[in-house]
Structures are given as structure tokens and as C-alpha cells.
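Numbered according to my numbering, the sequence shown spans residues 2 to 189. All C-beta atoms, glycine included, are put in the ideal place defined by N, C-alpha and C. Computed from a predicted structure; not experimentally measured.
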Amino acid sequence: MKEGLFPYIFDVEEFITGSVLGGSAVKRLSAMQAYFSDKDAVQKILADGDPILYEYWEKENTASSRDISFGLTKVFPGKVGPEFYMTRGHYHGDDSVEVYYTLSGHGRLLLMNREGQVMDYEMQKGVVNYIPKDWAHRTVNIGNEPLIFIWFYPSVTVHDYETIEKYGFATVVSTENGFKVKSDVSRG
Ligand code: PA5
Ligand code: MN
């Protein structure tokens with residue numbers, strides 16, 4: 002890939018591995034304990050190891066205030082007690098929006114506004130999800146394969162994780178019939 006100014010040209014396979022993107026992050030269960038409700042299940046899993054729940058890669062572009070950053074997230078399949086592996090979730094602390102495009106896997110996109118209203122959307126190959134301003138967003142893998150999606154947002158975006166850490170967020174739990182969104186979020 003050429004450094005510096007656009008255009009970037011990516012092969013989609015390279016993109017899926019994250020190898021063309023700059024920064025990356027790995028989120029393991031040990032760092033995500035607070036986000037899951039079944040603390041016994043957390044401890045049982047950690048006694049045997051520390052699984053990666055998700056990874057993401059990012060190309061942060063800051064050339065101008067109108068720039069767009071983009072990247073790719075891979076949420077692995079698995080559960081912690083009844084809850085599926087998921088991302089932390091966050092608000093954008095400004096009026097930035099975001100677009101997700103799912104490449105593979107099967108997930109749910111959970112959205113929550115500041116009144117605690119929750120909405121959930123299907124994520125599967127070819128689906129584009131638009132995340133409006135002021136809606137916190139979390140992705141949950143409800144399938145058996147990695148959930149892989151790419152995303153685009155204004156580079157000026159401020160990420161607010163504290164509100165979710167403090168008040169919680171909806172999750173997806175497994176049931177006899179498959180799964181359901183558990184959205185009785187405490188608002189503190
Ligand atoms: O910007 C986004 O919404 C995504 O790129 C997420 O940051 C990514 O999926 C990881 O989730 P989180 O930032 O909630 O840990
Ligand atoms: Mn976001």
C-alpha cells in the first residue's frame with residue numbers, strides 16, 4: 002500500500018486480515034469481565050485461559066476535519082454464560098454518525114439512545130447498517146463463525162465508553178428458541 006495521500010487500493014482478502022490497516026486492538030475476556038453479567042461463567046472460562054472476544058484494525062485519517070477513518074472488526078463466536086461474545090459498545094460524544102458493512106458471519110447490531118431505548122438489527126453478509134448520531138452501538142456475534150464487518154466514520158469522532166461502563170447496555174442471550182435481546186438496561 003502506498004503511504005500518504007489517497008487513493009488507497011485494497012484487496013478485500015488483505016483487508017479481512019487487517020494487514021493493510023494501521024492500528025489494531027485485541028480484546029480478551031480478562032479486559033471485558035465487567036461487561037458480562039454471569040460472573041461465575043467469567044471465572045470458569047478464565048481458569049482455563051483468556052480467549053480473544055474480538056479484534057479490530059483501523060486506518061485513522063486525520064488529514065482534514067472532513068476526513069473519514071475506517072477499519073474492520075472481527076468478533077469471534079462464543080458465549081460467556083448465556084451472553085454471546087460482543088464488543089464493549091460506545092456513544093460518539095459528538096454528532097458523528099457511522100456506517101457498518103457486514104462481510105461475513107451472523108450478528109446483531111444493538112443501538113441505544115440516551116433515554117435507554119434499544120433497537121436491534123440483523124448483521125449478515127451484504128447488510129449495510131447506518132448508525133445515526135446519539136445512538137450508542139454494540140455488535141454481538143450470534144453465529145458459529147467470526148462476525149466480520151467494516152466501518153467508516155468521520156475522523157473527528159469522539160468515542161465515549163464511560164457512559165456504557167457506568168450504565169450498561171443491552172446484550173444478546175441464548176434461549177431455548179435461539180436468542181433474544183436483553184434490554185432491561187439499568188440507567189443508574
Ligand atoms: O467505531 C466503531 O463503532 C467500531 O469500529 C468499534 O469501535 C469496534 O467494532 C470495536 O467496538 P468497541 O469500540 O465498542 O470496543
Ligand atoms: Mn462507533
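Please decide whether Ala137 counts as near chain D, where near means a Cβ-Cβ distance under 9 Å.
Of the protein chains in this structure there is only one, and it is not chain D.
By DSSP's criteria, Ile149 is part of a beta bridge. Which residues make up the other side?
Position 148 of the sequence shown, counted from the start, is the residue given in the question as residue 149. Answer by DSSP bridge pairing, in chain order: Lys75, Ser105.
By alpha-carbon positions, which one of Gly24, Phe77, Val182 ends up nearest to Glu59?
Position 58 of the sequence shown, counted from the start, is the residue given in the question as residue 59. Per the Cα distances, Gly24.
Can you tell me whether Ile132 sits near the ligand MN, meaning its C-beta is under 8 Å from at least one heavy atom of the ligand?
As a position in the sequence shown, residue 132 is number 131, starting the count at 1. Yes, Cβ of Ile132 sits closer than 8 Å to a heavy atom of the ligand MN.
Can you tell me whether Val174 is helix, strand or coil according to DSSP?
On the sequence shown, residue 174 is found 173 positions in, with the first residue counted as 1. Of the three classes helix, strand and coil, the one that applies to Val174 here is strand, per DSSP.
Can you give the Cα-Cα distance for Phe16 and Met124, rounded to whole angstroms?
Here residue 16 corresponds to residue number 15 of the sequence shown, with the count starting at 1. Here residue 124 corresponds to residue number 123 of the sequence shown, with the count starting at 1. Looking at the backbone, the Cα of Phe16 and that of Met124 are separated by about 19 Å.
How about Val13 and Leu104: are their beta carbons less than 9 Å apart?
Counting from 1 along the sequence shown, the entry for residue 13 is found at position 12. Counting from 1 along the sequence shown, the entry for residue 104 is found at position 103. Cβ distance < 9 Å, so Val13 and Leu104 count as in contact.
Whole-angstrom distance between Ala26 and Ser66, CA atom to CA atom:
On the sequence shown, residue 66 is found 65 positions in, with the first residue counted as 1. On the sequence shown, residue 26 is found 25 positions in, with the first residue counted as 1. Going from the Cα of Ser66 to the Cα of Ala26 covers about 24 Å.
Look up Glu56 in the DSSP assignment and say whether it is helix, strand or coil.
Within the sequence shown, numbered from 1, the residue matching residue 56 stands at position 55. Strand at Glu56.
Length of the line joining the Cα atoms of Gly94 and Ile132:
In the sequence shown, counting from the first residue as 1, residue 94 sits at position 93. In the sequence shown, counting from the first residue as 1, residue 132 sits at position 131. Near 14 Å, if we compare the C-alpha coordinates of Ile132 and Gly94.
Go ahead and pull the three-state DSSP assignment for Ser25.
For the purposes of this step, residue 25 is taken as residue 24 along the sequence shown, with counting starting at 1. Of the three classes helix, strand and coil, the one that applies to Ser25 here is strand, per DSSP.
Taking its Cβ as the centre, do 16 or more other Cβ atoms sit within 10 Å of Phe153, making it buried, or is it exposed?
Position 152 of the sequence shown, counted from the start, is the residue given in the question as residue 153. By the 10 Å Cβ count, Phe153 comes out exposed.
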